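The structure appears right after this line, and notes come after that.
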Amino acid sequence: MRTSRLLAGLLVLGFAALLVPSVDAQKRGGTLTIVRPTDPVSLDPNLETTAPGAWVYFNMLEGLLTLDEKMQVKPALATSYEIMSPTKVRFKLRSGVKFHDGTPFNAEAVKFTFDRALKGTPPARWASLAGSLSHAEVVDNLTVDVVTREPYGPILRTLAMYCMGIVSPTAVGKMGPDFSRAPVGTGPFKFVEWKTNTHVIIERNPDYWGDKALVDRVVFKVVPEEGARMIALQTGDADMVLFPSPAQLPALRKDAKFSVHETTGIRVVFAGLHAGMPPLDDVRVRQALLHAVDRKAILDNIMEGSAGPALGVLAPGVFGYKDMQLDRLYPFDRARAKALLAQAGFTPGPDGIMQKGGQRLSLSWLSQRGRYPKDGEITEAIQAMFKDVGVEAKVQFLEWGTVFSQLRGNPLNHHMFMLGWVTSNADADYSLYALFHSKQVPPAGWNTSRYANPRVDTLVEQARRSLNQTEREKLYGEVQDILAKEMVWIPVYTTKEIVVSRAGVKGFTMHPVEYNLALWKTWLQ
Amino acid sequence: MLTFVTRRLLLAVPVLLGVVFVVMLTIDLLPGDAVTLMLGEHATRDAVANLRAHLGLDKPFLVRYLDYVGQLLRGDLGRSFQQNRPVAAELSDAWPATLELTIAALLIAAVVGIVAGIASAVWPNSLFDGVARLFSLFGLSMPIFWTGLVFIVIFSLWLHWLPVGGTGSLTHLILPAVTLALPSVAMIARMTRSAVLDVLREDYVRTARAKGVGEVWVLGRHALRNAFIPILTLLGLQSGQLMGGAVLTETVFAWPGLGRLMVKAIFARDYVLLQGAVLVFALAFVVINLIVDLSYGLLDPRISRQG
Chain R
1 MRTSRLLAGL LVLGFAALLV PSVDAQKRGG TLTIVRPTDP VSLDPNLETT APGAWVYFNM
61 LEGLLTLDEK MQVKPALATS YEIMSPTKVR FKLRSGVKFH DGTPFNAEAV KFTFDRALKG
121 TPPARWASLA GSLSHAEVVD NLTVDVVTRE PYGPILRTLA MYCMGIVSPT AVGKMGPDFS
181 RAPVGTGPFK FVEWKTNTHV IIERNPDYWG DKALVDRVVF KVVPEEGARM IALQTGDADM
241 VLFPSPAQLP ALRKDAKFSV HETTGIRVVF AGLHAGMPPL DDVRVRQALL HAVDRKAILD
301 NIMEGSAGPA LGVLAPGVFG YKDMQLDRLY PFDRARAKAL LAQAGFTPGP DGIMQKGGQR
361 LSLSWLSQRG RYPKDGEITE AIQAMFKDVG VEAKVQFLEW GTVFSQLRGN PLNHHMFMLG
421 WVTSNADADY SLYALFHSKQ VPPAGWNTSR YANPRVDTLV EQARRSLNQT EREKLYGEVQ
481 DILAKEMVWI PVYTTKEIVV SRAGVKGFTM HPVEYNLALW KTWLQ
Chain D
526 MLTFVTRRLL LAVPVLLGVV FVVMLTIDLL PGDAVTLMLG EHATRDAVAN LRAHLGLDKP
586 FLVRYLDYVG QLLRGDLGRS FQQNRPVAAE LSDAWPATLE LTIAALLIAA VVGIVAGIAS
646 AVWPNSLFDG VARLFSLFGL SMPIFWTGLV FIVIFSLWLH WLPVGGTGSL THLILPAVTL
706 ALPSVAMIAR MTRSAVLDVL REDYVRTARA KGVGEVWVLG RHALRNAFIP ILTLLGLQSG
766 QLMGGAVLTE TVFAWPGLGR LMVKAIFARD YVLLQGAVLV FALAFVVINL IVDLSYGLLD
826 PRISRQG
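Going down the list, the protein sequences come from chains R and D. Quick note on my numbering: the first sequence kicks off at 1 and runs consecutively. Quick note on my numbering: the second sequence kicks off at 526 and runs consecutively.
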């Protein structure tokens, strides 16, 4: 009698279990092991804005706002905002949020974080990314005003950057410089341990205000050698590989044991043209160079599917992006390239290289290997393509540190250079202002092309000072239309952000901004 | 003996100061600087100038050198530019791993190399000798990063015997130590072979044999002891080589040692951190040379320590 009752009970329980959908049910627990090439510089955004540190601290520190996978601004520690004046935005803060050390999150912590970063000696590494951001003013415990030095349209996306996490003032006070090795924020994970050059461990924050993380722990291991990283994934030593080997991606995509997570990133890699240096000051010569380059061949044969086409000077995820129609305006066409060079007064010389007034069409090109994926190979490919239309490129490969200081200096004594640009705050201002405004020639900014167009200057200034996002989008559209006609870049590719995991790693979504490696929705089957 | 050691250690001081000077000068001459690399593509001119002033990089070279040496004399290795962390802390995280790896590799190299070398010398031109010489050639010619990866593929991926990389247990140590030891095994084996062969042709060996001394005793007491001087010199040199080779091995096997710390420091132009690591290496060299010199005297009383 008793057994049959028990059996009946079990049966009922069994049916109940059947009613609950069991397919791909999220599972809690387990340790997610991630391998990547380098150890963080620091886990404090004030000292580190690059990926190795950002991947980790992004899971522990939260800002007022965040960018979702569709690149839309979403609330995080702030619940709503109101634009008070062109230089002031008021934020209502989430109540009941606690830092990992148990102290409450409030307006004072926001002010403290910004003061520490912007008024510290030296200021935070991200201060240069933050544009006109000046400081925060406490209105009441859960209301804060964010103030900019001048009207600053990109302010919302600036505050949503991965490095704008609010830190615990108590912990900073207590730990001093050690804070950078064990940060305290409000995020879904909290810090456990950092063994230099070996691993960083973080664990679920059980008191998190939102949906709690699904895995118990995440271990970020350092494996510098690319081959060894891929082997670690295959032997099960790792669940996820950051910076996988591009050569292995086609095989991994077909293998059911692994998942390749990928999305278009926000970095555009391009061959830059010095528009202030003859003969590149002639727009026809620049256009001819665009026609001479078979960009599809580069994508297919050199990038092998690990990058997407560059559709303009901005990546599609960036606010203000407009497709510049490069394939329609500048198709790969050697005849058109030669015709444009002829219009510019060039005739074929005895050695096959175009010349004008006895001057050979020879361009000096400063490049590097390994700063951006395949930059060296691409330089060589374009050099060969130029030769087919009678343009000589004299390439000088130098180490990145050296190239960097030349690019950062003035004057630049090369016709061409190879550069990749991330629109860090995901707002067109960040690229169109710093790269194309005539006053942003290095060392002030990054107008390495020495591009100067008064109309573009007016448009980017106007868009920068406006807080009306619809108007800004229109202004940036016009800028990109002008740039499409006057091309000072040969855009080559838009990065793809790629992560490979075991097939049993579920719920992970790749974010267009490589630093935003959100792991709290990830679970292990 | 004690005065000899003290004198040698005191002599190390100018050597180390010279090393510091050369490293600092080299970093200074390298194009690209710490601050622009640290702040990245996006830094404003003011940000670069501020940070440079904060780190003292705006001062002239000699002033920086003297500042650094003054700091050293006070026992302060400074703070790394990039991490803003005491260099001493960075070093103490890294040096035990390198020491562990180097000692393990040196032991393997010495034991395997010497045994194989002796066997080759005792049975010259035998099958064993042929195989050992072929193996030596292989060991010397193959780059560490290649053998390392091949070992990983065989022992981790295919056989699942050993972990891919990292630290923690003795099993983690096997692959990197063997990989690192391989070229040295080959060198030591070849050196031992020729040294022992030379000695075995000496008159006193023939005399010993004529006296009826057993072959093992001849080898151990008469031949090896004399053959050991050049082997010891090589061992000393090789331990330096091993520390250098550790840079590659540490990268392939994700070993958290000084080699990788140095590479990181060089790419960041972080001369304070680099100096710290180089000082540890330089000091290790001085100590190893001292140990080698002292052991000469133990092996051969004719070598005087007066000079």
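Even for Gly, the Cβ is constructed at its ideal location relative to N, Cα and C. Note that this is a predicted model, so its numbers are computed, not measured.
Interface partners of residue i on chain D, CB under 9 Å
i: Glu225 of chain R; result: Phe670, Gly673, Leu674, Ile677, Gly690, Thr776, Val777, Phe778 and Ala779
i: Arg125 of chain R; result: Met563, Leu564, Gly565, Ala568, Ala572 and Leu576
i: Lys221 of chain R; result: Gly690, Gly691 and Ala779
i: Ser176 of chain R; result: The sequence as given places Gly at residue 176 of chain R; Ser does not occur at that position. The contacting residues do not exist; Gly176 of chain R stays about 11 Å from chain D at best.
DSSP state of residue i mapped onto helix, strand, coil
i: Ser306 of chain R; result: coil
i: Lys195 of chain R; result: strand
i: Tyr796 of chain D; result: helix
i: Gly565 of chain D; result: coil
i: Phe346 of chain R; result: coil
i: Arg36 of chain R; result: strand
i: Ser764 of chain D; result: helix
i: His747 of chain D; result: helix
i: Gln396 of chain R; result: strand
i: Gln368 of chain R; result: coil
i: Ser22 of chain R; result: Unreliable positioning characterises Ser22 of chain R in this predicted model, as indicated by a pLDDT of 46, which lies under 50. The coordinate reading is nonetheless provided below. Here Ser22 of chain R sits in coil by DSSP.
i: Val548 of chain D; result: helix
i: Thr379 of chain R; result: helix
i: Thr697 of chain D; result: Per the sequence presented here, residue 697 of chain D reads as His, with Thr not at that position. Residue state, collapsed to three classes: helix.
i: Ile828 of chain D; result: coil
i: Tyr152 of chain R; result: coil
i: Lys259 of chain R; result: Position check: residue 259 of chain R holds Ser in this sequence, whereas Lys was assumed. Here Ser259 of chain R sits in strand by DSSP.
i: Ser466 of chain R; result: coil
i: Tyr330 of chain R; result: coil
i: Ile526 of chain R; result: There is simply no residue 526 of chain R to check, as chain R begins at 1 and stops at 525 in what is shown.
i: Glu514 of chain R; result: coil
i: Lys387 of chain R; result: helix
Distance between residue j and residue i (C-alpha atoms, nearest Å)
i: Val513 of chain R; j: Gly664 of chain D; result: 45 Å
i: His471 of chain D; j: Thr551 of chain D; result: Any property of residue 471 of chain D remains undetermined from this structure, which presents chain D solely from 526 to 832.
i: Ile669 of chain D; j: Gly770 of chain D; result: 8 Å
i: Ala802 of chain D; j: Lys195 of chain R; result: 18 Å
i: Leu536 of chain D; j: Val811 of chain D; result: 10 Å
i: Cys163 of chain R; j: Thr423 of chain R; result: 14 Å
i: Gly305 of chain R; j: Asp375 of chain R; result: 15 Å
i: Asn197 of chain R; j: Leu363 of chain R; result: 43 Å
i: Asp553 of chain D; j: Asp327 of chain R; result: 46 Å
i: Pro21 of chain R; j: Gly507 of chain R; result: Unreliable placement is indicated for Pro21 of chain R, whose pLDDT of 45 sits below 50; no coordinate value is reported for it.
i: Met787 of chain D; j: Val772 of chain D; result: 8 Å
i: Ala622 of chain D; j: Leu783 of chain D; result: 8 Å
i: Ala484 of chain R; j: Ile490 of chain R; result: 11 Å
DSSP beta-bridge partners of residue i
i: Asp618 of chain D; result: According to DSSP, Asp618 of chain D bridges with nothing at all.
i: Gly420 of chain R; result: R:Val269
i: Arg217 of chain R; result: R:Thr31 and R:Glu203
i: Leu524 of chain R; result: R:Val505
i: Thr495 of chain R; result: R:Ala307
i: Ser709 of chain D; result: Answer is none; Ser709 of chain D lacks a bridge partner.
Partner residues on chain R for residue i, Cβ-Cβ distance less than 8 Å
i: Asp618 of chain D; result: Lys195, Thr196 and Asn197
i: Glu615 of chain D; result: Thr196
i: Pro701 of chain D; result: None at all; the shortest Cβ gap to chain R is about 11 Å.
i: Arg794 of chain D; result: Gly401
i: Gln608 of chain D; result: Val41, Ser42, Leu47 and Ser180
Neighbour list for residue i in chain R, Cβ cutoff strictly below 9 Å
i: Gln596 of chain D; result: The contacting residues do not exist; Gln596 of chain D stays about 17 Å from chain R at best.
i: His555 of chain D; result: Note on residue identity: the sequence assigns Leu, not His, to residue 555 of chain D. The contacting residues are Glu399, Gly401 and Thr402.
i: Asp583 of chain D; result: Ordered by position in chain R, no residue passes the 9 Å Cβ test against Asp583 of chain D, which lies about 13 Å from the chain.
Interface residues of chain D facing residue i [CB-CB closer than 8 Å]
i: Arg408 of chain R; result: Thr561
i: Ile231 of chain R; result: Ile677, Val678, Ser681, Leu682 and Val689
i: Gln234 of chain R; result: Leu682
Chain R contact residues for residue i, given Cβ-Cβ distances below 7 Å
i: His697 of chain D; result: The contacting residues do not exist; His697 of chain D stays about 11 Å from chain R at best.
Contacts that residue i makes with chain D (C-beta to C-beta distance below 7 Å)
i: Pro122 of chain R; result: Asn575, Leu576 and His579
Check: residue i C-beta below 7 Å from any heavy atom of the ligand NAD
i: Gln368 of chain R; result: What this structure holds is no ligand at all, so the ligand NAD is not there to describe.
Could you list the residues in the segment 443–456 of chain R with a C-beta less than 9 Å from some C-beta on chain D, going in chain order? Pro443, Ala444, Gly445 and Trp446
What are the residues of the segment 801–827 of chain D that lie near chain R, defined by any Cβ-Cβ distance shorter than 8 Å? none
May I ask you to list, following chain order, the residues of the segment 378–412 of chain R that have a beta carbon less than 9 Å from some beta carbon of chain D? Leu398, Glu399, Trp400, Gly401, Thr402, Val403, Phe404, Ser405, Gln406, Leu407 and Arg408
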